[in-house]
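Visitor:
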Amino acid sequence: MEIEEIPVVGKISHSINMIIANFILLGFVALILGVIIPFFPQVLDVLVAALLVVAAVIFFNIAFIIRKYKNRYLDFFK
-8 MEIEEIPVVG
2 KISHSINMII
12 ANFILLGFVA
22 LILGVIIPFF
32 PQVLDVLVAA
42 LLVVAAVIFF
52 NIAFIIRKYK
62 NRYLDFFK
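For the sequence shown, the working numbering assigns the number -8 to the initial residue and increments by one for each residue that follows.
This is the structure we're talking about:
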């Protein structure tokens, strides 16, 4: 086994940090919308739709990050 084939711990840490940042962003969006909805009940549908769209984008990003690093590091163990 060559040294170039060993996964770098920093890359794994970076991916975990990106996943954490995405969940924090989702939490902020949910918090902001949760505060706004009681004051503007007439725009409830629009805000819920916006939350779903943002949540979908964030979770797609998380899935892409997990897939990228999974493919990179699981090939190492084969």
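Every residue, glycine too, gets a C-beta built ideally from N, C-alpha and C.
1. Give the single residue among Tyr60, Leu17, Pro32 whose Cα lies nearest to the Cα of Leu42.
2. Please state whether the Cβ-Cβ distance between Ile79 and Leu38 is less than 8 angstroms.
3. For Phe14, which residues from the same chain have a beta carbon less than 6 angstroms from its beta carbon, with the 5 sequence-adjacent residues on both sides left out?
4. Hey, how far is the Cα of Asp36 from the Cα of Phe55?
Guide: Looking at the coordinates:
1. The shortest C-alpha separation from Leu42 is found at Leu17.
2. With the chain covering only -8 through 69, there is no way to say anything about residue 79.
3. So the list is empty, once near-sequence residues are dropped.
4. Taking the Cα positions, Asp36 is about 29 angstroms away from Phe55.
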